[in-house]
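As they're listed, the protein sequences go chains A and B. Here my numbering is used: the first sequence runs in plain steps of one and ends on residue 1299. Here my numbering is used: the second sequence runs in plain steps of one and ends on residue 1299.
Protein chains: 2
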Amino acid sequence: MGTKCLIIAAGQGSRLQQRGDSKPLISILGIPLIERVIRSAMEAGVDEFYVVIGWQSGLVRDFLEQLAKRLAIRITPLVNEDWEKENGLSVLKARDVLQEPFLLLMADHLFDPELVRALTTHPLPDGEVALVVDSDIHNPLVDIDDVTRVSVKNGKICDIGKGVTDFNGFDTGIFLCSSAIFKALDQSREKDGDTTLSGAIRVLAEDGRAEAISSSSGFWIDVDDPAAFKRAEKALLDRLRDKPADGPVSRYLNRPLSVIFSRHLAKVDITPNQISLFSFLCSLLAAGLFALGGYFALLLGGVLAQFASIIDGCDGEVARLKYQSSDFGGWFDAVLDRYADAFLLFGLTWHLLAVKGNGWVLFTGFMAIIGSFMLSYTADKYDNLMRERIKAGIGTKLRMGRDVRVFLIFLGAATNMVFPVLVVIAVVMNVETLRRVMVALNGQD
Amino acid sequence: MGTKCLIIAAGQGSRLQQRGDSKPLISILGIPLIERVIRSAMEAGVDEFYVVIGWQSGLVRDFLEQLAKRLAIRITPLVNEDWEKENGLSVLKARDVLQEPFLLLMADHLFDPELVRALTTHPLPDGEVALVVDSDIHNPLVDIDDVTRVSVKNGKICDIGKGVTDFNGFDTGIFLCSSAIFKALDQSREKDGDTTLSGAIRVLAEDGRAEAISSSSGFWIDVDDPAAFKRAEKALLDRLRDKPADGPVSRYLNRPLSVIFSRHLAKVDITPNQISLFSFLCSLLAAGLFALGGYFALLLGGVLAQFASIIDGCDGEVARLKYQSSDFGGWFDAVLDRYADAFLLFGLTWHLLAVKGNGWVLFTGFMAIIGSFMLSYTADKYDNLMRERIKAGIGTKLRMGRDVRVFLIFLGAATNMVFPVLVVIAVVMNVETLRRVMVALNGQD
């Protein structure tokens, strides 16, 4: 790739003062704004950064130094003493170090890496600038009174500024610039005394040298004031709920609740693996309560099992929010889930044996355990190869995943109807496994 | 690749008459010789074949036609009416169709694809011929009185023939030829009236145009007479035992026995999946015998379980012998094995509960089942990624695979010491799973 990236992080962000001294270092869901911007750019393929700092430059510089080490990337700070003046002056600080086309981002604009990726593969004609323009003028994440508006015609920017009335898009703050941007800043200053970035774009737009890359989807948000901060937090959390692999219970019950927990968990120093372990211990405790006997312990165990299932969503969510996803984490979580499932079902079986200990109870409990296991095993074994084949046969709506399994356990415990639930799990899990074998067999060459 | 391949399959093979009318069609472990040669060449990257046929040419032609369809390759038969004469005449039949360097193989020489692969990547100078020479002059698969001997010096063949006394290698029958071979055959005929392939090689050797590609490892065998046929069968079976992933019980008990079964199974019309299913049904029956109660049923169940574990090796062996390996087959076998393990352990638990039904028995049985499952699950989940990491921590000798598990079950049943065996399985399997989690955790970046 090799695209370099300039990030403007010089401002004070006085409207967010209550959240921290330096705006780029304000944490949103556990990660500072500037780190989120850098991480997103990295996901789009950038690994060399220039950051213009100003207000509290010592603090920001120290943070960037540590971040560069932690992520093994190059970050060069450029100081702008005139950080109180307009943002074009910050861009000019990069004049001597950036010649080839470079990305230009704002430290307070969060965005989906997809939006940047569209730019890095874009061929930029010499002397031009390209801006990602949000053409969804009803975007609920945008503060219409504060956003920089853009008027686009035939892929070119005609006008740009907060006061533009005849607009059809918004400035996302994501630019691809040639060095023409520096000259345009000079011209704008000489002509109108305007040293804003928008001013320079206007100069380029007059000659048809400001391209608009329109996008109507793709998340972005300008984190400018407390209201925007809340919107951004909510948007980041909402994105966690968009997991196509989620089963019905996950989608409509567990995920909405786990996201609420994750919002708080992200802000403290807890790792995803610790969350996995905590959820597992809750399940173990629930299994113990089942085995204890009596309806009260059964009910309590059921509630605890369902709680553990909800918390079990948080490990992945926090990992995604804090860029801590790892292969080990996914594997560890899966291993603990299998143990948890087995213990829960064994607890229920034990409970039933104490009430009416006959062979059918034992056999049903055994079949429920093995069926649950097989369902995970058949999906995971030969991951890439077989999963596709098996998926082809599964309706996306009808998933008997862990979310459904634990919810059934909860229902059985709460209604004191443990045996029917064991029977249902035993039958459904094993029949589904058999069906998978059939699908895989038929898909055989 | 694009290398074409000429196979000489014209002879009668009178010394193997008792095994079939046409030598190339004689089956060895369920697959005709000519098919084995073609399959091995395919594994080395060849997909276009010319086969010189003679004796029983109608039969051979029909077989090749079906084989070409079945394997989706091109096979062109070339008829040699003078098949009773020397083998050089068969080679000459290809004069008009093969110009670029081509592989030359014998229909009755079985070989490891590696030996051919060494040739297909070999740059052959114009006007030369290369022969793979076996430099292991003590090779037990070679019949020293019948083999074509070769004298090699500095990578060139000096002399070749059955009567050569000063030799340091054997002719494997695997050649890479330029069209110079046809001219050399003419010259050999004119000069000495010799129309053998060896005669032509001698002509080329005189000018230093016969290269020797030496190999001291790599399986090959000339299946010429009943003794050689038996040696070949044994060698093919021995190769099945060379599986580095085998656990100790597999290596020293199961595999030597399953190979004996496979020898017979390969010759009948039974698929590997049918073998998997049969082994599974034996395990189910064994589990039922365990649950029945009483020492005699227990003993019988134990023996049957161990028998099933031995037979469980045959599916993969027959698949390898008959080129029937498939991803589905491996997956299906693994799924059945998990069910079989769970049922066997559940049968033992049931047996014990009838004798002395207390909670510890039930709990131990449960832990043995979940531990066995987890051991397979942790190995298979994230196959490629995690397996490497986990393997790094496992001593190659100390494997607690399925072979050991079932053998312990057999021992427990035979000695009527079921509870200790359940305890051992429960402890070892779960501790090993925990250890794997630790290894994976430490290997984390």
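Even for Gly, the Cβ is constructed at its ideal location relative to N, Cα and C.
Status (buried if at least 16 other CB within 10 Å, exposed otherwise) for residue i
{"i": "residue 877 of chain A", "result": "buried"}
{"i": "residue 1166 of chain B", "result": "buried"}
{"i": "residue 1175 of chain B", "result": "buried"}
{"i": "residue 934 of chain B", "result": "buried"}
{"i": "residue 1210 of chain B", "result": "exposed"}
{"i": "residue 858 of chain B", "result": "buried"}
{"i": "residue 856 of chain A", "result": "exposed"}
{"i": "residue 1103 of chain A", "result": "buried"}
{"i": "residue 1184 of chain B", "result": "buried"}
{"i": "residue 1043 of chain A", "result": "buried"}
{"i": "residue 1019 of chain A", "result": "exposed"}
{"i": "residue 977 of chain A", "result": "exposed"}
{"i": "residue 1205 of chain A", "result": "buried"}
{"i": "residue 1348 of chain A", "result": "Look at the range of chain A in this structure, 855 to 1299, and you will see that residue 1348 of chain A is not part of it."}
{"i": "residue 1236 of chain A", "result": "Caution is warranted here: a pLDDT of 47 is assigned to residue 1236 of chain A, below 50, making its placement in the model unreliable, and the coordinate value is therefore given only provisionally. Buried, since its Cβ has 16 or more Cβ neighbours within 10 Å."}
{"i": "residue 1053 of chain B", "result": "buried"}
{"i": "residue 1292 of chain B", "result": "exposed"}
Residue of the options minimising C-alpha distance to residue i
{"i": "residue 1216 of chain A", "options": "A/1170, A/1187, A/1265, A/1272", "result": "A/1272"}
{"i": "residue 1026 of chain A", "options": "A/1034, A/1016, A/1141", "result": "A/1016"}
{"i": "residue 1169 of chain B", "options": "B/1203, B/1084, B/1114", "result": "B/1114"}
{"i": "residue 1136 of chain A", "options": "A/1122, A/1110, A/1164, A/1118", "result": "A/1164"}
{"i": "residue 969 of chain B", "options": "B/1101, B/1116, B/1071", "result": "B/1071"}
{"i": "residue 1034 of chain A", "options": "A/1018, A/925, A/1057", "result": "A/1057"}
{"i": "residue 987 of chain B", "options": "B/1120, B/1010, B/1125, B/1263", "result": "B/1010"}
{"i": "residue 1014 of chain A", "options": "A/1004, A/860, A/1022", "result": "A/1004"}
{"i": "residue 1008 of chain B", "options": "B/1022, B/1148, B/1293", "result": "B/1022"}
{"i": "residue 1150 of chain B", "options": "B/965, B/915, B/1018, B/1267", "result": "B/1267"}
{"i": "residue 956 of chain B", "options": "B/1060, B/990, B/895, B/1152", "result": "B/895"}
{"i": "residue 1186 of chain B", "options": "B/1087, B/1134, B/913, B/1289", "result": "B/1134"}
{"i": "residue 1177 of chain B", "options": "B/1006, B/897, B/938, B/997", "result": "B/897"}
{"i": "residue 900 of chain A", "options": "A/873, A/924, A/929", "result": "A/929"}
{"i": "residue 1180 of chain A", "options": "A/1142, A/1125, A/1157, A/1158", "result": "A/1125"}
Beta-carbon spacing of residue i, residue j below 9 Å
{"i": "residue 1284 of chain A", "j": "residue 1221 of chain A", "result": "yes"}
{"i": "residue 862 of chain B", "j": "residue 959 of chain B", "result": "yes"}
{"i": "residue 1213 of chain A", "j": "residue 1280 of chain A", "result": "no"}
{"i": "residue 1198 of chain B", "j": "residue 1144 of chain B", "result": "yes"}
{"i": "residue 1182 of chain B", "j": "residue 1127 of chain B", "result": "yes"}
{"i": "residue 1300 of chain A", "j": "residue 946 of chain A", "result": "Absent from the model: residue 1300 of chain A. The displayed extent of chain A is 855 to 1299, so no value can be given."}
{"i": "residue 1078 of chain B", "j": "residue 962 of chain B", "result": "yes"}
{"i": "residue 1195 of chain A", "j": "residue 1259 of chain A", "result": "yes"}
{"i": "residue 884 of chain A", "j": "residue 1172 of chain A", "result": "yes"}
{"i": "residue 1201 of chain A", "j": "residue 1140 of chain A", "result": "yes"}
{"i": "residue 1287 of chain B", "j": "residue 1232 of chain B", "result": "yes"}
{"i": "residue 1083 of chain A", "j": "residue 870 of chain A", "result": "yes"}
{"i": "residue 1255 of chain B", "j": "residue 1229 of chain B", "result": "yes"}
{"i": "residue 1263 of chain A", "j": "residue 1275 of chain A", "result": "yes"}
{"i": "residue 918 of chain B", "j": "residue 888 of chain B", "result": "yes"}
{"i": "residue 964 of chain A", "j": "residue 1059 of chain A", "result": "no"}
{"i": "residue 1076 of chain B", "j": "residue 1000 of chain B", "result": "yes"}
{"i": "residue 1002 of chain A", "j": "residue 1024 of chain A", "result": "yes"}
{"i": "residue 1257 of chain A", "j": "residue 1100 of chain A", "result": "yes"}
{"i": "residue 892 of chain A", "j": "residue 925 of chain A", "result": "yes"}
Near the ligand HEM: residue i beta-carbon under 8 Å from a heavy atom
{"i": "residue 898 of chain A", "result": "Ligands are entirely absent from the displayed structure, and the ligand HEM is therefore not among its contents."}
Within chain E, the residues that residue i reaches when beta carbons sit closer than 9 Å
{"i": "residue 1125 of chain B", "result": "The chain inventory of the structure shown lacks chain E, comprising the protein chains A and B."}
Check your understanding: Do three or more CB pairs link the segment 1058 to 1069 of chain B to the segment 967 to 979 of chain B at distances below 8 Å?
Key -> Three or more beta-carbon pairs drawn from the segment 1058 to 1069 of chain B and the segment 967 to 979 of chain B are found closer than 8 Å, and the two stretches are therefore classed as touching.
**Study point:** chain B contacts from the segment 1135 to 1158 of chain A (Cβ-Cβ distance under 7 Å)
**Key:** If the cut-off is 7 Å between Cβ atoms, the segment 1135 to 1158 of chain A has nothing near chain B.
**Study point:** Segment contact, 8 Å Cβ cut-off, at least three pairs: the segment 864 to 872 of chain A with the segment 902 to 919 of chain A
**Key:** Output reads yes: the segment 902 to 919 of chain A touches the segment 864 to 872 of chain A.
Review point. Do the segment 1026 to 1038 of chain A and the segment 975 to 985 of chain A make contact, defined as three or more Cβ pairs closer than 8 Å?
Key: The segment 1026 to 1038 of chain A, when compared against the segment 975 to 985 of chain A, does touch it at the 8 Å Cβ threshold.
**Study point:** Members of the segment 1276 to 1297 of chain A near chain B, C-beta cut-off 7 Å
**Key:** Against chain B - using a Cβ distance shorter than 7 Å - the residues of the segment 1276 to 1297 of chain A are 1291, 1294, 1295.
Practice item. Could you say if the segment 1185 to 1196 of chain A and the segment 1119 to 1135 of chain A meet the contact criterion of at least three C-beta pairs nearer than 8 Å? Key: Flag = yes, the segment 1185 to 1196 of chain A and the segment 1119 to 1135 of chain A touch.
**Study point:** the segment 893 to 905 of chain B contacting the segment 941 to 957 of chain B, beta-carbon criterion three pairs below 8 Å
**Key:** Between the segment 893 to 905 of chain B and the segment 941 to 957 of chain B, the count of C-beta pairs closer than 8 Å reaches three or more; the two stretches touch.
**Study point:** the segment 928 to 943 of chain A touching the segment 1048 to 1057 of chain A, judged by at least three CB pairs closer than 8 Å
**Key:** In short, these stretches touch, since the Cβ pair count reaches three.
Review point. What residues from the segment 1191 to 1216 of chain A come within 9 Å of chain B, judged by C-beta to C-beta, listed N to C?
Key: Result list: 1192, 1193, 1196, 1197, 1200, 1203, 1204, 1207, 1211, 1213, 1216.
Practice item. Anything in the segment 1104 to 1129 of chain A with a Cβ closer than 9 Å to a Cβ of chain B? List those residues in chain order, please. Key: So the list reads 1127, given in the order they occur along the chain.
Check your understanding: What residues in the segment 899 to 931 of chain A bring their beta carbon closer than 9 Å to a beta carbon of chain B?
Key -> Listed in sequence order: no entries.
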